[in-house]
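Residue numbers (the UniProt record's numbering): 1 to 901.
Have a look at the structure below before the remarks.
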């Protein structure tokens with residue numbers, strides 16, 4: 001179904017740019033032609049607005065994925081032809097239509113080594129074509145038969161061969177017509193529009209360059225528009241040519257791609273990095289040490305000859321027993337006559353390379369290494385076999401020629417061997433894995449499955465891009481890279497995939513997580529903020545111990561060390577081992593921690609905002625270097641000593657004193673209700689200086705004479721945090737203990753402001769957990785013959801709590817954004833902290849009522865949250881005097897309003 005004028009706009013979405021970044025921007029397409037439009041040009045020249053607008057709810061809309069190496073899927077093997085043309089066509093059509101559920105909108109079917117007579121029959125069906133509801137077939141990828149026996153993998157030995165007659169051997173195997181040079185059908189205006197059928201199906205040929213006749217054929221192949229890919233090659237100890245030299249020569253001849261990097265190829269060695277070394281080559285490369293000449297192209301008979309001894313190759317290969325080899329370079333004709341150090345008179349460009357990112361074919365560290373060396377060349381592939389099907393169970397499955405696969409998760413190998421036989425991983429899974437393995441952004445991972453493969457094939461103006469005029473092949477992903485819907489274009493219309501057309505109601509449900517995000521808070525967060533939030537959430541749900549267990553004093557160091565390992569402590573500080581993220585990200589972390597328990601959040605808040613912040617903001621470089629790295633890792637625990645037994649909410653009445661003496665200061669006094677104090681290694685203490693009456697900050701260390709921190713026991717709430725008093729009995733410290741920038745109570749209040757900002761997010765996390773638990777209980781608990789959730793009074797309680805949680809989150813987000821640009825006034829933080837604490841306590845109490853008599857048990861955890869929130873609502877001063885901070889209510893609100901009352 002198309003809109004009346006054919007214009008469709010996707011809005012409220014993120015789109016990936018060709019540099020890998022994600023930006024918030026609308027995307028316009030022409031449904032009738034199935035192409036992407038330049039929205040500004042369309043609006044100003046055609047004077048039209050889109051007749052249909054689809055709100056994607058903050059999700060990602062990307063070019064459809066391209067899989068340029070796939071052997072089959074959904075029970076169909078591209079390499080198996082049994083003489084039935086119609087059955088083969090239906091198999092192709094089925095794969096094309098089903099594969100879109102994984103986000104793939106274009107693919108290059110791969111034919112592995114075959115009996116020569118089968119190539120013409122199979123390749124005739126693999127010419128490029130489109131189907132109305134399926135992925136576009138871009139032509140075929142011939143992987144074999146010009147491969148090394150020793151690195152054949154699952155390829156049949158009996159069909160491997162050499163190219164004795166050079167390019168004529170390729171024509172003999174694949175058919176001369178399939179290698180004829182013609183205009184690329186896909187790039188023509190007639191593609192898919194009733195124009196002439198494509199006459200050439202070849203896209204990629206994988207062959208080992210050391211096989212006899214292959215190197216001589218590379219230029220002819222590439223001159224005819226074929227992508228020549230280096231693959232399935234062996235060190236070939238009987239050949240005196242270093243493997244890097246051969247690979248480099250192939251690239252100079254026109255090789256553009258490396259087939260499944262790390263797999264079926266020589267190992268990397270520091271003196272001969274082999275094919276893998278091409279990733280690190282310089283575009284202005286001088287030719288390798290060993291020139292490839294006619295005399296070097298013949299096998300060396302005397303392994304101890306002087307020539308062999310001087311080659312830049314690894315002795316590690318010398319003792320390897322060599323399996324039977326396909327004939328290597330034997331021609332006596334000149335290959336490349338280049339002197340040492342001479343720059344090759346040929347254009348050298350590093351080739352693209354394929355990666356199977358299933359966690360089986362290549363270790364995550366290898367994937368990360370390759371990407372960091374040459375990110376622009378990375379292409380994600382599946383190399384999937386016919387049993388690729390997200391719904392297929394593990395077990396033994398038939399392949400062909402009597403052989404069988406064993407499927408174990410995403411691992412696929414030949415039965416009775418340890419030989420990997422392709423994969424069963426989907427390309428969308430590869431994208432997510434790749435982002436996780438390498439640490440790159442989701443946008444950068446998407447680029448490796450879209451723009452990079454399209455650029456390798458020379459079709460980056462039509463596929464794998466959101467450029468104006470490109471095919472409107474699109475995939476909608478959530479922020480984690482999970483496919484929500486796939487769209488494919490043809491000449492007349494844009495059609496959704498088998499998931500069905502996206503409806504506004506579907507998008508709202510996905511975006512709000514069943515009503516948990518009614519104001520689309522998620523859509524206002526950046527990709528980095530979401531990633532940090534998700535990291536904190538996974539940690540909290542999986543690693544934090546059961547908070548219902550009281551008196552877990554010993555868990556505090558373990559808890560902090562776990563948080564520190566993820567960069568969750570002092571996250572806004574730049575350097576010293578800290579993450580250096582935004583204040584909004586810090587608030588999101590606090591929210592996730594307090595979902596578990598306010599005590600854990602209190603522990604983290606003290607460490608980050610009340611200990612690390614003053615040292616970073618007011619300390620010397622020596623103090624920062626000494627304390628911050630250990631505090632960031634959680635190896636040191638810190639506390640903040642401000643509140644006193646006789647003054648509570650009035651720190652200006654402070655009795656703790658600091659007196660200057662020879663060699664330093666002497667501190668006397670006491671503090672109470674100090675979180676982390678009994679476990680602390682580092683104490684930030686505030687004291688009134690006798691010499692001028694000003695309040696200053698000092699850094700003390702555990703074990704100092706006269707410093708004790710006994711634990712306060714029998715707390716009614718915040719029981720998973722450890723709280724104590726601090727007694728300073730003439731504690732002598734050196735001058736180095738003074739925080740030189742911490743002068744006056746304003747410095748202490750700035751620390752409290754940082755902590756209170758995190759609290760404003762955290763208490764909403766606690767309320768959200770109460771809401772989640774109360775909602776689940778109300779749905780499961782039946783009273784008077786129906787669920788509690790069906791009663792309007794219960795619904796009202798749930799809705800009221802959800803409303804306040806949503807409003808509180810957005811208020812904290814606004815303050816966080818202002819804080820990130822240094823525009824947040826202290827009064828703003830006090831206001832939002834007080835409001836959120838009060839609302840969280842009020843509505844958690846109401847939600848507790850839904851439990852009835854079960855509210856007396858902590859099985860449902862809401863009662864524990866209520867007790868914690870009661871304390872959080874009052875600490876740092878009672879909720880009524882708290883917002884003053886030296887001002888009265890009138891002046892506080894006068895500062896926040898434009899006009900006087």
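Ideal Cβ positions, reconstructed from N, Cα and C, are used throughout, including at glycine.
Helix, strand or coil at residue i [DSSP, three-state]
{"i": "residue 607", "result": "helix"}
{"i": "residue 67", "result": "strand"}
{"i": "residue 348", "result": "coil"}
{"i": "residue 581", "result": "coil"}
{"i": "residue 782", "result": "strand"}
{"i": "residue 613", "result": "helix"}
{"i": "residue 740", "result": "strand"}
{"i": "residue 216", "result": "helix"}
{"i": "residue 392", "result": "coil"}
{"i": "residue 306", "result": "Only weak support is given to the placement of residue 306: the predicted model assigns it a pLDDT of 32, under 50, and the question is left unresolved by the model."}
{"i": "residue 228", "result": "strand"}
{"i": "residue 5", "result": "coil"}
{"i": "residue 572", "result": "coil"}
{"i": "residue 11", "result": "strand"}
{"i": "residue 921", "result": "Look at the range of the chain in this structure, 1 to 901, and you will see that residue 921 is not part of it."}
{"i": "residue 639", "result": "strand"}
{"i": "residue 55", "result": "strand"}
{"i": "residue 484", "result": "strand"}
{"i": "residue 769", "result": "helix"}
{"i": "residue 513", "result": "The predicted position of residue 513 is uncertain, since its pLDDT is 42 and thus under 50; no value can be drawn from it."}
{"i": "residue 319", "result": "At residue 319 the pLDDT is 33, less than 50, meaning the model places this residue with poor confidence and gives no usable figure here."}
{"i": "residue 763", "result": "helix"}
{"i": "residue 148", "result": "coil"}
{"i": "residue 424", "result": "coil"}
{"i": "residue 750", "result": "helix"}
{"i": "residue 791", "result": "coil"}
Top-ranked residue by Cα proximity to residue i, from the options
{"i": "residue 834", "options": "875, 773 and 83", "result": "875"}
{"i": "residue 576", "options": "616, 870 and 862", "result": "616"}
{"i": "residue 522", "options": "9, 5 and 13", "result": "13"}
{"i": "residue 115", "options": "485, 279, 144 and 229", "result": "144"}
{"i": "residue 715", "options": "637, 574, 827 and 673", "result": "673"}
{"i": "residue 272", "options": "255, 6, 246 and 393", "result": "246"}
{"i": "residue 369", "options": "443, 268 and 461", "result": "268"}
{"i": "residue 167", "options": "140, 228 and 131", "result": "228"}
{"i": "residue 592", "options": "631, 535 and 36", "result": "535"}
{"i": "residue 489", "options": "24, 222 and 97", "result": "97"}
{"i": "residue 850", "options": "517, 817, 24 and 781", "result": "781"}
Unbroken beta strand (DSSP E) run spanning residue i, endpoints
{"i": "residue 244", "result": "Here residue 244 belongs to no beta strand (DSSP E); instead the alpha helix (DSSP H) covers 243 to 253."}
{"i": "residue 659", "result": "657 to 661"}
{"i": "residue 413", "result": "411 to 414"}
{"i": "residue 141", "result": "140 to 143"}
{"i": "residue 203", "result": "202 to 207"}
{"i": "residue 869", "result": "Counting along the chain, residue 869 falls outside any beta strand (DSSP E), though it belongs to the alpha helix (DSSP H) covering 862 to 874."}
Element boundaries [alpha helix (DSSP H), containing residue i]
{"i": "residue 432", "result": "427 to 438"}
{"i": "residue 955", "result": "Beyond the ends of the chain as shown, which are 1 and 901, falls residue 955; an answer cannot be given."}
{"i": "residue 849", "result": "826 to 850"}
{"i": "residue 122", "result": "118 to 125"}
Beta-carbon proximity check, residue i vs residue j, cutoff 7 Å
{"i": "residue 406", "j": "residue 425", "result": "no"}
{"i": "residue 244", "j": "residue 598", "result": "no"}
{"i": "residue 64", "j": "residue 11", "result": "no"}
{"i": "residue 204", "j": "residue 275", "result": "no"}
{"i": "residue 699", "j": "residue 640", "result": "no"}
{"i": "residue 107", "j": "residue 67", "result": "yes"}
{"i": "residue 466", "j": "residue 487", "result": "no"}
{"i": "residue 824", "j": "residue 831", "result": "no"}
Per DSSP, the bridge partner or partners of residue i
{"i": "residue 687", "result": "696"}
{"i": "residue 404", "result": "398"}
{"i": "residue 378", "result": "353"}
{"i": "residue 724", "result": "674 and 711"}
{"i": "residue 665", "result": "660 and 733"}
{"i": "residue 72", "result": "77"}
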